[in-house]
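The block underneath contains the structure these notes are about, expressed in structure tokens.
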Amino acid sequence: MVTTLYRLIKYGLQIFWRQRLLSVATMVVILLALLVFEGLIIVGVVGNTALKSIQDKIDISVYFKVNTPEDEILRVKRSLEEMAEVKEVEYISRDRALEIFRARHEEDETITQALEELDENPLSASLNVKAKNPEEYAIVASFLENIVSDELVENITYNQNQAVIDRLAAIIRVTRQIGILAALFLTIVAILVSFNTILLGIYSNRDEISVMRLVGASGMYVRGPFVVMGIIYGGITAFLSMLFTAPVVFLSAPYVRLFVPEMDLAAYYTGNVWMLFLYQLLFGIGIGVASSFIAIRRYLKT
Amino acid sequence: MISFQNVSKQYNHSNPALIDVTFKIEPKEFVSIVGRSGAGKSTLVKLLIAEEKPTRGRVIFGHYDVGKLDSKELPQLRRHIGVVFQDFRLLPTKNAYENIAFALEVSGKAQSDIEDLVHEALDLVGLSDKGQNFPHELSGGEKQRIAIARAMINRPDVVVADEPTGNLDPFNSLEIINLLTQINELGTTVILATHDKEIVNQLGKRVIVLENGRVARDEKKGRYSLA
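Right, here's the structure in full:
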């Protein structure tokens, strides 16, 4: 078995090296496919972070009248938390609201003085609600209207921002759908192009394969070298793809941050470098091995 | 050892290539199969090495019913048959040494045995100094000698040569036929498919004449003569 494996690897390396031009041409195509594949992963991560950051900015706040008892507010909070659509509810008491207001206007003397002159805290307590899905804010808002009487509520922000929230929710949904479709389409294109290139490479070796069969080579001896070549193609192109992407990622990271402040592309790349390499290795080797298996099957019948 | 029993072969929508062919070949025989182009010589060779299956009849080789073998059993059969073709069919990405060694490697021989056997074979065909040359660096005659070395390296029971001199000049043709005769004298059955009249007449061995896919004559010490 060891001898057989050694021979298969030797043949694979021999064909790879002695048909250098064909090997390079095949690898260029697989490399391009891998770059598309890796690009899709990175664009996917950036896009997701961007959408998530937009999504996080959407929320609805319920401002209670200053005389609303805290128990009542906390009861509303608990009811909201029990809703399946709600991700989190933050309670901002009147004191906390004042604290935040003070901190925000620390340097504005007029406001600081004005506040000191007031005997009473003028700010209302509020609940800040985030839904799991931006399209569910309408449900949350109508639920709120049902459980809280108008006498207790000063204002629910959803009513003011409804059009914007709905539009953002629609944009997020459509962007995700288009993203998934585009990624799927490009992945299929990348797989098919690589597949066909390897198929053509093996087709150009069909006479050689028939000779191997005629001198008594079993399926394993015919297929093995091409599978080995598939593995070599996958390994080399995955490595090259990482090598080519790294500078692009590091150069573009500051610009990406301009658009999506939450996205540190360089840190993402460094933190996931082995995972990205593994994905590409699997993609490259998978295509190499699968296409060799499929392409050679028809030549093994005789 | 080899027997064709009422074998017919028809390719798709064409005239039959072989019709009701029956003959036997005994071990250590040297048999020439002659006939015009299209008489069915190559089809006969293809049926024997299981490149094609008969439409009717049986091809028996030793204990193999060749037409019934599935693709996984073919390597076993082919290790008992050495084949030489008009167009040499050497592996272009392997040098002469590797081409011969390949037939041994796929049969699972140990590396140390392979080296000795390949050097012996290269010696036998007079090309011990060309082992490292690739097929495109060899002349036609040299390529055919390498092909013969590869065909006999596994010590097969039979060597089948399909027009082995078709692409060679008379001098090289003679050398190839001498090699095949030598192989036969060492105890291997040789089947030579050819339309080279001179070679067949010079051999003075058994001749099977094919005409339009049928066996027209089968003579123990035959000559090349077509109707």
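Line order of the protein sequences matches chains A and B.
Mind the numbering: the first sequence is residues 0 to 301 in numbering that gives the first Met the number 0, read in order.
Mind the numbering: the second sequence is residues 0 to 226 in numbering that gives the first Met the number 0, read in order.
Idealized CB from N, CA, C, for every residue including glycine.
Quick caveat: nothing in here was measured; it's all calculated off a predicted structure.
Taken in chain order, the whole beta strand (DSSP E) runs of length 3 or more contained in the region 142–219 of chain A are 152–155. Taken through DSSP and simplified to helix, strand or coil, K129 (chain A) comes out as strand. For D19 (chain B), the uninterrupted beta strand (DSSP E) run begins and ends at 17–24, by DSSP. Between the alpha carbons of V152 (chain A) and L126 (chain A) lies a gap of roughly 11 Å. Assigned with DSSP and collapsed to three states, D156 (chain B) falls in coil, not helix or strand. Pairing R149 (chain B) with S106 (chain B) gives a Cβ-Cβ distance that is not under 7 Å. For E72 (chain B), the closest Cβ of chain A is not nearer than 7 Å. Residue environment for D195 (chain B): buried (at least 16 other C-beta atoms within 10 angstroms of its C-beta).
Between Q131 (chain B) and F87 (chain B), the C-beta gap is not smaller than 7 Å, which leaves the two residues out of contact.
Minimum Cα-Cα distance from G140 (chain B) among the listed residues B:V83, B:V189, B:T42, B:V44 corresponds to B:V83.
Taking 4 residues as the shortest admissible run, the region 66–122 of chain B contains the following complete alpha helix (DSSP H) segments, listed from N- to C-terminal end: 73–77, 95–104.
Within chain B, the residues placing a beta-carbon under 8 Å from that of I14 (chain A) are T92, ordered along the chain. Taking a contact to require three or more Cβ pairs closer than 8 Å, the region 186–194 of chain B and the region 39–57 of chain B qualify as touching. Interface annotation for the region 19–44 of chain B against chain A: empty, criterion Cβ-Cβ distance under 8 Å. Taken in chain order, the complete alpha helix (DSSP H) segments of 4 or more residues contained in the region 232–276 of chain A are 264–270. Secondary structure note for G221 (chain B): it is in no alpha helix (DSSP H), with a DSSP letter that is neither H nor E. Proximity of chain B to A216 (chain A) at the Cβ level (cut-off 7 Å) is accounted for by P74, V105, in chain order. Under the 7 Å criterion on CB atoms, T301 (chain A) is classed as interfacial with respect to chain B. Taking K219 (chain B) as the centre and dropping the five residues before and after it, the same chain places the C-beta of R205 closer than 6 Å to its C-beta, in chain order. Among the bridge pairs identified by DSSP, D161 (chain B) is matched with B:F84, B:A192. For the region 210–234 of chain A, the residues whose beta carbon sits under 8 Å from a beta carbon of chain B are, in order, V210, M211, R212, L213, V214, G215, A216, S217, G218, Y220. Distances from the alpha-carbon of T301 (chain A) to those of A:A216, A:L277, A:G234 put A:A216 closest. E87 (chain A) is bridged by DSSP to A:K129. Straight-line measurement puts the Cα of V159 (chain B) at about 18 Å from the Cα of R35 (chain B).
A residue is called buried once 16 or more other Cβ atoms fall within 10 Å of its Cβ, and R93 (chain A) is buried on that count.
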